[in-house]
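Engineer:
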Amino acid sequence: MNRTISLPDQDTSRFHGMNILSVKQFSRQDLSMIFDVARNIRTMVEREGSLDVLKGKLLANLFYEPSTRTSSSFAAAIQRLGGNVIQINNVTFSSVSKGEELRDTIRTMGSYADAIVLRHPEEGSADIAAAVSEKPIINAGDGIGEHPTQALLDIFTIVEELDTIDGLTVTMLGDLKYGRTVHSLAKLLALYDVKLYFVAPDLLRAPPALVDELIANGMSPCKHVDLDSIMSETDVLYVTRVQRERFVDQSIYEKVKRSYVLNVDTMDSAKDRMVVMHPLPRVDEISREVDYDPRAAYFRQMEYGMYVRMALLALVLGKV
Amino acid sequence: MNRTISLPDQDTSRFHGMNILSVKQFSRQDLSMIFDVARNIRTMVEREGSLDVLKGKLLANLFYEPSTRTSSSFAAAIQRLGGNVIQINNVTFSSVSKGEELRDTIRTMGSYADAIVLRHPEEGSADIAAAVSEKPIINAGDGIGEHPTQALLDIFTIVEELDTIDGLTVTMLGDLKYGRTVHSLAKLLALYDVKLYFVAPDLLRAPPALVDELIANGMSPCKHVDLDSIMSETDVLYVTRVQRERFVDQSIYEKVKRSYVLNVDTMDSAKDRMVVMHPLPRVDEISREVDYDPRAAYFRQMEYGMYVRMALLALVLGKV
Amino acid sequence: MNRTISLPDQDTSRFHGMNILSVKQFSRQDLSMIFDVARNIRTMVEREGSLDVLKGKLLANLFYEPSTRTSSSFAAAIQRLGGNVIQINNVTFSSVSKGEELRDTIRTMGSYADAIVLRHPEEGSADIAAAVSEKPIINAGDGIGEHPTQALLDIFTIVEELDTIDGLTVTMLGDLKYGRTVHSLAKLLALYDVKLYFVAPDLLRAPPALVDELIANGMSPCKHVDLDSIMSETDVLYVTRVQRERFVDQSIYEKVKRSYVLNVDTMDSAKDRMVVMHPLPRVDEISREVDYDPRAAYFRQMEYGMYVRMALLALVLGKV
């Protein structure tokens, strides 16, 4: 089997040893390179199942809060590259210690492993970890902060499904106020020429600060609209969960919930070539019958996620 | 190392990609083939420790309820075949969602792994999983439903220990009402020419429906008897746990418990060549002193279990 | 890659299949051999990342109580040697069963794995396990009992950092009454020519039985002293945590705590060539600023621990 992934005429050395902390650290050229690697890896995995590129490499999968999906995705990624994983779940920690214990744990794990994936409920923990770590840190979600690999896989899904990003109309639906995923994705989309629509209940509209930042980054202003009015021009419908806990008045929640459920009727007015995405887990916001629609890309999105994470691991560990 | 297991003159292709959901899906010929593979694997493992047959293959070990024994057995099986495992324990799930969340999790895991072992507290979950999964599902216990690999390993243990199944007298002891294990085993035994005895407290007798099904499948009628009266003709004594919770009146439990404890005195009246089996964990129903009796097969049973699971994985993943 | 580690002119066969239960089982010559292997492995890991020495070997990492650090260290050790791990966390067990369930679990795991690492809250469990196990048991801490691999890695750290042990002055600081770590280390140090000082609050002084045992083993009498008075002659300062729970009167705890915090001022009076060690996790007993002092060896200690555990696994599984 192959021991490296080759990417002719590209210099990937800047990724070697890099921390993956925030979507802000990536240029459009970086994304393009990561996706080239992910695409190569996908081809090789489809042909051979697994590779030997990271044979002998050890990844610490350090999860301070449960996330079956993300944790499994990284565990699959390192193992399909021939490496191994140390899985650490539900680490008990005292929030009183305010990051002190995290620093020691990171330094300990860094003496065992070649890279560390960190999921932690407190915003900024990934930065704290990176500041003391001798090994690369990959942020797999730090509270209301960042979850950069999710945003990267979202973009990769769009490129793979629709062949391009420039010129697309992306509609984000659901909880745009608290949804970490849509914030990170919107910021990455600002690197491209994209028309962005927001569809959210009044209580859950995108924060003005985010809208301002997007405009400052050259995006055309993003307006809050009704789904019906833009469904037919949407290329990417990005659906997120509306959480019951956000509503004091449960009757408002019930009303809102119904108006944000995607079903086959809603899909009728959509383009033939478009995709529906969702970071999962979902509750009711996409009806099960939509799963059989070829435009439903949310399960393929999971698989693209594994390839993107494989690409990042291979790049960071210097095997591209 | 070998990259496939060869089984000359047998067509194993029907196992490729197969879900393992229920004992009902196996013919006597199927069992014979699975056991041939398990026997080959056992020889190879005893010689080499581990094989390379499933190198690059990834198994998701998805446990919605804890089962150290079964989970470890599958983790050992895939790794001794050269593959890797994604271990997912104690998945939190809302029973309100009635399988919806399970469907999404299965599809997610199927985008990472090559096969999925599922343990779930609700009967029928393995069927739900198989209906949506693009990868083979192996049922590792779904509530009061099935636990087919346990029944397969029980049969394999009998064959390996006593060289045959036809003509044997099998006595099942303990909780025959709620014990999933004995139900599945009895159904598989109906494929062979076996005399079956039941020994159980009145409260925990085998369900009439099970007895009827066994008779309909050609078994000679199975009678409830005293252990003393048939111990001397028993070839396989299959012991299960009597759970305290089943008894409203604890004084009855205490009395029953004492009469269903296997000890060296009971073993005195048994044949020289017979086996005592138990699915484990046990509480008090087999006294520790019996462990040193060569007829005590319950620890060897665990090891046979690993070989049977290795055989199933190799067959399902097309490497035989 | 190499399939064995060679140690010319030394007979390592006595380690093959050995249980690692207590520091008492090791002679000075044993330690020397283990450290030679650990040193070889370290060199190979620094060159190649991982080895193939234990390819095909399976380790059961059986943790009845959480210990992220120790568990991860063993998981890293077996995987960097090319083997695989079955990780079993938070096994539920009934203390009523008094070891019965442990015996069955050990025999089950022994039918899947080639060696078993055991962490259990009850003193003596490792001995119970070893008595029934057909596979080697490595004690990773049994309550207030032993934690031999911790003591081995402590000694290895000293040798690697200071090139020798004979002639050194070792000062142990903190909870010397309940600290399992310092008891085991002190016993191992008795194999060498070492001057030992104890610094502890009155409530947490080393048990007289330990002091008597050390003297009986030929150590010069160990006196309880103030840190200030011996800091300048200390070669190894071994710091442990003072637990709040040990104090009925919290005002005494607060006072004691302050007098046992190591900071840069304390370090000013220390030798240029000495080391500060700590078994981790720490709370406040070493101030963060000391981390940047090259004499702070507690994170390197973690890495030495991985090499020592690799050496033990390779020796016990007969690959040296």
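Residue numbers (the working numbering), protein chains in the order written: chain A, 39 to 358; chain B, 39 to 358; chain C, 39 to 358. The beta-carbon is built from N, C-alpha and C at its ideal position, and this holds for glycine as well.
Per the DSSP calculation, C:L45 is bridged to which residue(s)?
Structural biologist: Here the question's residue 45 of chain C lines up with position 7 in the third sequence. DSSP, once it has assigned bridges, lists no residue as partnering C:L45.
Engineer: To be precise: take each residue of the stretch 86 to 114 of chain C, compare its Cβ to all Cβ atoms of chain B, and keep it if any distance is under 8 Å. Which residues remain?
Structural biologist: From the stretch 86 to 114 of chain C, only K93, G94, K95, L96, A98 have a Cβ closer than 8 Å to chain B.
Engineer: Assuming A:S267 contacts A:K309 under a Cβ cut-off of 8 Å, what Cβ separation, rounded to an integer in Å, is found between them?
Structural biologist: Within the first sequence, numbered from 1, the residue matching residue 267 of chain A stands at position 229. Within the first sequence, numbered from 1, the residue matching residue 309 of chain A stands at position 271. No, A:S267 and A:K309 are not in contact; Cβ-Cβ is about 15 Å, not under 8 Å.
Engineer: Please tell me whether C:D152 and C:K95 are closer than 8 Å, where the distance is taken between their beta carbons.
Structural biologist: Translated into positions along the third sequence, residue 152 of chain C becomes position 114. Translated into positions along the third sequence, residue 95 of chain C becomes position 57. Yes; because the gap between Cβ atoms is below 8 Å, this pair is in contact.
Engineer: For C:K295, tell me which candidate among C:S307, C:I196, C:T278, C:D68 has the shortest Cα-Cα distance.
Structural biologist: Your numbering for residue 295 of chain C matches position 257 in the third sequence. The shortest Cα separation from C:K295 among C:S307, C:I196, C:T278, C:D68 belongs to C:T278.
Engineer: According to DSSP, which residues form a beta bridge with B:K233?
Structural biologist: As a position in the second sequence, residue 233 of chain B is number 195, starting the count at 1. DSSP output for B:K233 lists B:T207 as bridge partner(s).
Engineer: How about the stretch 102 to 110 of chain A and the stretch 119 to 129 of chain A: do they share at least three Cβ pairs that are nearer than 8 Å?
Structural biologist: They touch, by the three-pair rule.
Engineer: Are the C-beta atoms of C:Y336 and some chain B residue less than 8 Å apart?
Structural biologist: Position 298 of the third sequence, counted from the start, is the residue given in the question as residue 336 of chain C. No, because no Cβ of chain B sits closer than 8 Å to the Cβ of C:Y336.
Engineer: Does B:I126 come within less than 8 Å of chain A when only Cβ atoms are used?
Structural biologist: Indexing the second sequence from 1 puts residue 126 of chain B at position 88. Cβ-Cβ to chain A under 8 Å: yes for B:I126.
Engineer: What span of residues does the beta strand (DSSP E) with A:V286 cover, start to end?
Structural biologist: As a working mapping, residue 286 of chain A is identified with position 248 in the first sequence. From DSSP, A:V286 is part of no beta strand (DSSP E); its letter is neither H nor E.
Engineer: Taking only three categories from DSSP, how would you classify A:A76?
Structural biologist: Indexing the first sequence from 1 puts residue 76 of chain A at position 38. Here A:A76 sits in helix by DSSP.
Engineer: Does C:L318 have its Cβ less than 8 Å from a Cβ in chain A?
Structural biologist: If you number the third sequence from 1, residue 318 of chain C lands on position 280. Closer than 8 Å: yes.
Engineer: As an exercise, report each continuous alpha helix (DSSP H) stretch of at least 4 residues that is fully enclosed by the stretch 285 to 353 of chain A, in chain order.
Structural biologist: With a minimum length of 4 residues, the continuous alpha helix (DSSP H) runs that stay inside the stretch 285 to 353 of chain A are 288 to 297, 302 to 306.
Engineer: Identify the continuous alpha helix (DSSP H) that holds C:V91 and give its terminal residues.
Structural biologist: As a first step, residue 91 of chain C is located in the third sequence; it is residue number 53 there, counting from the start. Unbroken run through C:V91: none, as it is neither H nor E.
Engineer: Excluding the 5 residues flanking B:V313 on each side, which residues of the same chain have their C-beta closer than 6 Å to its C-beta?
Structural biologist: As a first step, residue 313 of chain B is located in the second sequence; it is residue number 275 there, counting from the start. Counting only Cβ-Cβ distances below 6 Å, and skipping sequence neighbours, we find E199, V274, R333, A335.
Engineer: Please check if any C-beta of chain B sits within less than 8 Å of the C-beta of C:V129.
Structural biologist: What you label residue 129 of chain C is simply residue 91 of the third sequence in a count that begins at 1. Chain B, which has a Cβ nearer than 8 Å to the Cβ of C:V129, makes this yes.
Engineer: Between B:K225 and the rest of its own chain, which residues show a CB-CB distance below 6 Å, the 5 nearest in sequence each way excluded?
Structural biologist: For this step, residue 225 of chain B is matched to residue 187 along the second sequence. Result list for B:K225: V61, in chain order.
Engineer: What does the Cβ neighbour count give for C:T108, buried or exposed, with the cut at 16 atoms within 10 Å?
Structural biologist: For the purposes of this step, residue 108 of chain C is identified with residue 70 of the third sequence, where counting begins at 1. So C:T108 counts as buried.
Engineer: Would you decide whether B:H316 is buried or exposed? Buried here means 16 or more other CB atoms lie within 10 Å of its CB.
Structural biologist: Along the second sequence, one-based indexing puts residue 316 of chain B at 278. Classification for B:H316: buried.
Engineer: Once the 5 residues before and after B:N301 are set aside, which same chain residues still bring their CB inside 6 Å of it?
Structural biologist: Position 263 of the second sequence, counted from the first residue, corresponds to residue 301 of chain B. Taken in chain order, the residues that qualify are S325.
Engineer: First and last residue of the alpha helix (DSSP H) that includes B:L200?
Structural biologist: If you number the second sequence from 1, residue 200 of chain B lands on position 162. From DSSP, the alpha helix (DSSP H) with B:L200 extends over 186 to 200.
Engineer: From which residue to which residue does the beta strand (DSSP E) around A:Y216 run?
Structural biologist: Here residue 216 of chain A corresponds to residue number 178 of the first sequence, with the count starting at 1. Counting along the chain, A:Y216 falls outside any beta strand (DSSP E), and DSSP gives it neither H nor E.
Engineer: Since A:K261 sits in a beta bridge, which residues does DSSP pair it with?
Structural biologist: Locating residue 261 of chain A in the first sequence gives position 223, where the first residue counts as 1. According to DSSP, A:K261 bridges with A:Y235.
Engineer: At the level of alpha carbons, what is the spacing between A:L221 and A:I144?
Structural biologist: Against the first sequence, residue 221 of chain A aligns to sequence position 183. Against the first sequence, residue 144 of chain A aligns to sequence position 106. The sequence given here places His at residue 221 of chain A; Leu does not occur at that position. The straight-line gap from Cα to Cα measures roughly 27 Å.
Engineer: Is C:G212 closer than 8 Å to C:Y345 when the C-beta atoms are compared?
Structural biologist: Within the third sequence, the letter at position 307 stands for residue 345 of chain C. Within the third sequence, the letter at position 174 stands for residue 212 of chain C. For C:Y345 and C:G212, no; Cβs fall outside 8 Å.
Engineer: Going along chain C, which residues have a C-beta under 7 Å from B:Q117?
Structural biologist: Looking up residue 117 of chain B in the second sequence gives position 79. Per Cβ cutoff of 7 Å: L96, N122.
Engineer: For A:E269, return the contacting residues in chain B, with the cut-off set at a CB-CB distance below 8 Å.
Structural biologist: Within the first sequence, numbered from 1, the residue matching residue 269 of chain A stands at position 231. First, the residue type needs correcting, since residue 269 of chain A is Met and not Glu in the sequence shown. Simply none; closest approach about 24 Å.
Engineer: Using a 10 Å radius around the Cβ and a threshold of 16 neighbouring Cβ atoms, would you call B:P239 buried or exposed?
Structural biologist: The residue given as residue 239 of chain B occupies position 201 in the second sequence. Counting Cβ neighbours within 10 Å, B:P239 comes out buried, since at least 16 surround it.
Engineer: Look at the Cβ atom of A:K215, then the Cβ atom of A:P246, and state whether they are nearer than 8 Å.
Structural biologist: Here residue 215 of chain A refers to the residue found at position 177 of the first sequence. Here residue 246 of chain A refers to the residue found at position 208 of the first sequence. It is not a contact, given that the beta carbons lie outside the stated cut-off.
Engineer: First and last residue of the alpha helix (DSSP H) that includes B:R118?
Structural biologist: Indexing the second sequence from 1 puts residue 118 of chain B at position 80. Per DSSP, B:R118 belongs to the alpha helix (DSSP H) from 106 to 118.
Engineer: Alpha carbon to alpha carbon, how far is A:R141 from C:S307? Give it in angstroms, no decimals.
Structural biologist: Against the third sequence, residue 307 of chain C aligns to sequence position 269. Against the first sequence, residue 141 of chain A aligns to sequence position 103. Whole-angstrom Cα-Cα distance: 27 Å.
Engineer: Consider the Cβ of C:E139: report whether some Cβ of chain B lies at a distance smaller than 8 Å.
Structural biologist: Position 101 of the third sequence holds residue 139 of chain C. Cβ-Cβ to chain B under 8 Å: yes for C:E139.
Engineer: Contact defined as beta carbons within less than 8 Å: I believe A:L156 pairs with A:I175. What is the distance between those atoms, to the nearest angstrom?
Structural biologist: Indexing the first sequence from 1 puts residue 156 of chain A at position 118. Indexing the first sequence from 1 puts residue 175 of chain A at position 137. Right, their Cβ atoms sit about 6 Å apart.
Engineer: Counting C-beta neighbours from all protein chains within 10 Å, is the total for C:V363 16 or more, i.e. buried, or is it exposed?
Structural biologist: Shown here, chain C extends from 39 to 358; a query on residue 363 of chain C therefore has no answer.
Engineer: Mind checking which residues open and close the beta strand (DSSP E) that includes B:I175?
Structural biologist: Position 137 of the second sequence, counted from the start, is the residue given in the question as residue 175 of chain B. Segment 175 to 180, the beta strand (DSSP E) holding B:I175.
Engineer: Name the one or two DSSP bridge partners that A:H158 has.
Structural biologist: Along the first sequence, one-based indexing puts residue 158 of chain A at 120. Per DSSP, A:D180.
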